[in-house]
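Accompanying notes for the structure given below.
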Amino acid sequence: MLGIRPLLATAAGALTSPLTPDDYRATLNPLWSRNRPSGRVKAVVPETADAATVLISPGLGWRRGIAGQHVDTAFRIDGVWHSRTFSLSSPPDRADGLISITVKANPDGLVSRHIVQALRPGDIVRLGQPAGTFVLPAELPERLLFVTAGSGITPVMAMLRHLAAGPRMPDVVLAHSAPDPSKVIFGAELRRLAARFPSLRLHEQHTRPAGDQRSTRLTMAALATLCPDLPARMAWVCGPAALVEQAESYWRERGISERLLTERFHPNLRAGNGAGGRVRFVRSGRETTTSADTPLLMAGERSGMLMPSGCRMGICHRCLVPLADGRVRDLRTGVEHGTAGDLIQTCVSAAVGDIEIDL
Amino acid sequence: MPAATHLSPQDIEDLGRELDRIREEVLASRGEQDARYIRRVIALQRGLEIGGRAAMFAAVLPPAWLAGTAMLSLAKILENMEIGHNVLHGQWDWMRDPRIHSTTWEWDSASPADGWKYSHNYVHHTYTNVLGRDRDLGYSILRVSPEQPWNPVYLAQPLYNLALAALFEWGIAIYDVEIERAFRGEKPWDETLDQLRGMLKKVLRQGLKDYVVFPALAGPAFLPVLLGNLTANVVRNIWAHTIIVCGHFPEATRTFAEAELDGESRGDWYVRQLLGSANISGPPVLHLLSGNLSHQIEHHLFPDLPSNRYAQVAPRVRALCERFGLPYTTGSLPRQTVSVWKRILRLALPGPTPARVPAPVPGTSPEPVARAA
């Protein structure tokens with residue numbers, strides 16, 4: 006049976022052809038688009054010296070997700086849209102309907118620096134829908150363990166806020182690593198939560214306290230000591246690749262991998278050898294040249310292509326495009342591969358010589 | 020061999036490098052100001068379209084009909100010229116805005132964007148003014164160069180050029196399908212018929228909107244709204260035709276033989292674009308309404324630079340033409356229009372004998388080719 010909504014949409018489409026009613030709505034106010042959701046920045050709140058939380062009022066087309074999920078965003082910097090994926094730091098059930106992402110400015114990162122330093126209330130942000138499996142299950146386990154480092158706290162913060170707003174705080178251990186107390190993102194709020202809920206235990210691992218040059222990272226052995234019932238807990242680990250890999254092998258060795266969920270930041274990309282090559286986008290007829298260690302995603306974006314993208318670190322597979330000709334190198338492993346028709350992850354693949362992409 | 024001029028290969032290489040530098044400079048300086056420009060033009064166009072169609076609901080009152088028709092005509096002109104043509108060229112792709120991108124855009128013209136991007140961006144812009152290759156040269160029905168053999172049908176070309184002006188979007192849409200190439204066996208029929216179906220689907224959709232849905236919504240004003248929409252489409256067609264024929268057919272523009280494409284360098288290509296294109300001088304509003312095709316020369320040198328930048332680079336291109344002794348054909352809209360019509364009227368009759376520019380003699384520098392005022 007045809008609903009009334011699709012009928013109305015078809016009728017309205019006859020009035021706006023070749024555009025869609027959504028194009029007109031978005032021209033009046035980007036927040037009114039249902040097809041390509043946007044949000045308006047309400048505030049940019051500093052968290053630490055180089056990190057900030059962006060509070061965003063999402064527009065009509067946005068659907069709220071589950072605590073712990075990430076969202077594709079795009080920011081306009083000097084006329085050009087740049088897409089990045091961030092974990093939501095807000096719980097899905099915030100009373101004021103706002104959502105937030107929390108971003109640490111990377112000195113070399115155009116987008117993260119823009120967000121922390123230049124983004125202003127009123128600015129428009131393009132939003133994707135929340136996605137990802139690094140989430141709280143519908144049925145909460147009795148005991149939970151969160152292991153985070155740096156900005157890896159953001160998805161966990163969304164979960165903790167969700168739990169704090171719920172009927173009961175379960176038994177939670179949170180082991181969070183940061184260089185020193187002043188660099189703990191959400192430090193004050195985490196300490197407040199730990200004081201408020203007896204069942205929430207917070208361990209702060211300060212890896213470079215008071216400017217100490219010796220690094221004191223949290224080892225798996227230390228983690229097992231401070232959380233003796235680790236194997237009995239459902240665990241979430243989020244942070245740099247090294248931490249996540251250690252955790253994965255630790256849980257695997259104990260045969261309890263099914264009790265572990267992970268999410269990592271920054272892939273370890275290897276420099277390619279060779280000279281890169283020419284990349285031709287077959288359908289659009291566009292061509293660009295690229296180096297051996299530039300991800301094809303970046304090369305395409307620089308040439309003005311609308312590249313599908315997601316996590317930008319080889320995890321989410323949202324950037325898959327068909328290879329039409331040539332070979333690519335996986336920048337994480339250095340392995341060369343590819344035959345015509347293969348779907349390749351452009352965010353972690355570089356051209357080996359001249360290639361063609363079916364886009 | 021490449022188009023003959025008095026320039027030495029070294030001159031041509033130097034000219035090419037200078038033009039490349041202008042292009043690089045613009046590419047490197049694109050930013051928020053340019054992005055804001057196209058967003059504003061799009062907002063203005065959509066505002067005019069909504070305003071025009073709203074005003075026409077009161078079309079039983081003649082001033083409302085006039086205001087509505089004028090606004091809708093302007094909206095359709097902006098939509099085809101400054102927005103559609105240029106977005107489909109990829110001039111705004113660098114913004115990576117999925118709403119303003121050559122791969123997602125569709126325009127209010129009978130030609131579906133995909134086919135048009137091929138016939139225009141590729142065929143016309145690559146083989147500009149090359150007889151037998153640039154199908155835009157006379158649109159397969161006009162004789163605009165003495166090299167095209169005369170036949171008695173051309174006696175009627177002044178008349179059917181007028182008809183083409185009024186029906187321009189449909190003319191271009193049919194022409195994009197390249198039916199004559201299918202008849203000659205150069206193009207598979209199934210591809211041609213597919214394109215024809217796509218075009219008819221679009222023509223139907225656009226026709227339904229302008230001649231059925233909006234008039235019907237206006238109830239008692241059905242007929243005035245239908246006539247207003249028809250007027251707006253015809254005004255837009257005549258305007259687009261006028262601007263476009265002024266771009267390549269004024270008397271001073273040159274055509275080229277296919278042999279001149281052999282061994283063409285980047286510099287040679289630039290020279291061919293320069294010699295085959297003509298500008299229209301006038302106030303900023305003319306540039307806006309012509310989609311900056313009033314800067315046809317700059318557009319042909321740099322088809323994918325944002326159109327708002329052509330006015331800025333025009334003085335530099337002109338200075339280069341003067342330095343290298345190349346013509347920079349420009350003139351007011353009436354003057355260029357008269358020039359085009361003179362050519363169309365003259366070439367409706369047999370002759371004249373094609374005059375070929377002589378090949379350059381190494382070491383000499385003959386007079387620059389005909390320079391238009």
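First to last, the protein sequences are chains A and B.
Residues in the first sequence are numbered consecutively from 6, following the working numbering.
Residues in the second sequence are numbered consecutively from 20, following the working numbering.
All C-beta atoms, glycine included, are put in the ideal place defined by N, C-alpha and C.
These numbers were taken from a predicted model, which means no experiment stands behind them.
Residue range of the unbroken alpha helix (DSSP H) whose run includes residue i
i      : result
B/P28  : 28-48
A/I349 : Note, A/I349: premise wrong, no alpha helix (DSSP H); beta strand (DSSP E) at 348-350.
A/Q74  : It is not in any alpha helix (DSSP H) - A/Q74 carries neither H nor E in the DSSP assignment.
B/N180 : 176-185
B/D53  : 51-75
A/R131 : Element bounds for A/R131: not the alpha helix (DSSP H) but the beta strand (DSSP E), 129-132.
Identity of the residue in the options nearest residue i by Cα
i      : options                        : result
A/P245 : A/G260, A/E292, A/E209, A/A154 : A/A154
A/P184 : A/R201, A/A215, A/A199         : A/A215
B/T272 : B/F76, B/G350, B/L63           : B/G350
B/D127 : B/L97, B/E32, B/R42            : B/L97
A/A329 : A/I104, A/D176, A/S314, A/G290 : A/G290
A/A48  : A/R39, A/L60, A/P42, A/G319    : A/L60
A/R99  : A/A170, A/F91, A/P142          : A/A170
B/F233 : B/H139, B/I102, B/N248, B/A367 : B/N248
A/G343 : A/P327, A/I158, A/R332         : A/R332
A/F191 : A/C316, A/A163, A/A280         : A/A163
A/F178 : A/L149, A/G127, A/G64, A/P63   : Looking at the sequence provided, one finds Val at residue 178 of chain A rather than Phe. That would be A/L149, whose Cα lies nearest to the Cα of A/V178.
B/E125 : B/T372, B/Q225, B/F275         : B/Q225
B/A278 : B/H267, B/R291, B/G266         : B/R291
A/C243 : A/T58, A/R222, A/H322, A/G73   : A/G73
Boundaries (first-last residue) of the beta strand (DSSP E) holding residue i
i      : result
A/P51  : 43-53
A/E292 : 291-295
A/A57  : 56-63
B/D229 : First-last for B/D229: undefined, no H or E at that position.
A/C243 : 239-245
A/H282 : The amino acid occupying residue 282 of chain A in the given sequence is Gly; His does not appear at that position. Residues 282-286.
A/I104 : 104-109
B/S92  : That residue, B/S92, is in no beta strand (DSSP E); its alpha helix (DSSP H) goes 81-97.
A/L149 : 148-154
A/D176 : 176-183
Where residue i falls: helix, strand or coil (DSSP)
i      : result
B/R390 : Unreliable positioning characterises B/R390 in this predicted model, as indicated by a pLDDT of 39, which lies under 50. A coordinate reading is not provided.
B/L368 : coil
A/G358 : strand
B/I257 : helix
A/R334 : strand
B/C265 : helix
A/T267 : strand
A/H211 : strand
A/F2   : The structure shown does not extend to residue 2 of chain A, since chain A spans only 6 to 364, so no value can be given for it.
B/H319 : helix
B/V357 : helix
A/T90  : strand
B/L219 : helix
A/S116 : In the sequence under discussion, the amino acid at residue 116 of chain A is Val, which differs from the Ser named in the question. Residue state, collapsed to three classes: helix.
B/T147 : coil
B/P379 : Bear in mind that a pLDDT of 39 at B/P379, under 50, signals an unreliable position, so the number given afterwards is only what the model happens to contain. It is coil, neither helix nor strand.
Sub-8 Å separation of residue i and residue j beta-carbons
i      : j      : result
B/I363 : B/V163 : yes
B/G295 : B/N105 : no
A/I129 : A/R45  : yes
B/V17  : B/M75  : The displayed coordinates of chain B run from 20 to 392. Any statement about residue 17 of chain B would go beyond what the structure contains.
B/H120 : B/P322 : no
B/A91  : B/F343 : With the sequence shown as reference, residue 91 of chain B is identified as Leu, and Ala is not the correct amino acid for it. Against a cut-off of 8 Å, the Cβ pair of B/F343 and B/L91 comes out as no contact.
B/F202 : B/H260 : no
B/G35  : B/Y347 : no
A/L205 : A/M174 : yes
B/H14  : B/H306 : Residue 14 of chain B lies beyond the residue range present for chain B, which begins at 20 and ends at 392; the question has no answer from this structure.
B/A184 : B/N256 : yes
Residue i beta carbon near the ligand NAD (any heavy atom closer than 7 Å)
i      : result
A/R219 : No copy of the ligand NAD occurs in the structure displayed, which carries no ligand at all.
Listed in chain order, which residues of the segment 36-56 of chain B have Cβ atoms closer than 7 Å to some Cβ of chain A?
-> R49, G50, E51, D53, A54
Using a beta-carbon distance cut-off of less than 7 Å, what residues from the segment 261-290 of chain B approach chain A?
-> none
Taking a cut of 9 Å between CB atoms, which residues from the segment 109-121 of chain B lie near chain A?
-> G109, W111, D112, W113, M114, R115, D116, P117, R118, H120, S121
Taking any Cβ of chain A, which residues in the segment 121-139 of chain B have a Cβ under 8 Å from it, in chain order?
-> S121, T122, T123, E125, W126, D127
Which residues, in chain order, does the segment 303-327 of chain A contribute to contact with chain B at a C-beta distance below 7 Å?
-> E306, G309, L311
Below 7 Å between beta carbons is the criterion; list the residues of the segment 39-53 of chain A that meet it against any residue of chain B, in chain order.
-> R41
Proximal residues, the segment 83-103 of chain A versus chain B, C-beta separation under 9 Å | D83, G84, V85, W86, H87, S88
Give, in chain order, every residue of the segment 25-36 of chain A whose Cβ lies closer than 8 Å to some Cβ of chain B.
-> D28, Y29, A31, T32
Mind listing which residues of the segment 276-301 of chain A have their C-beta closer than 9 Å to chain B's C-betas, in chain order?
-> R288, S289, G290, R291
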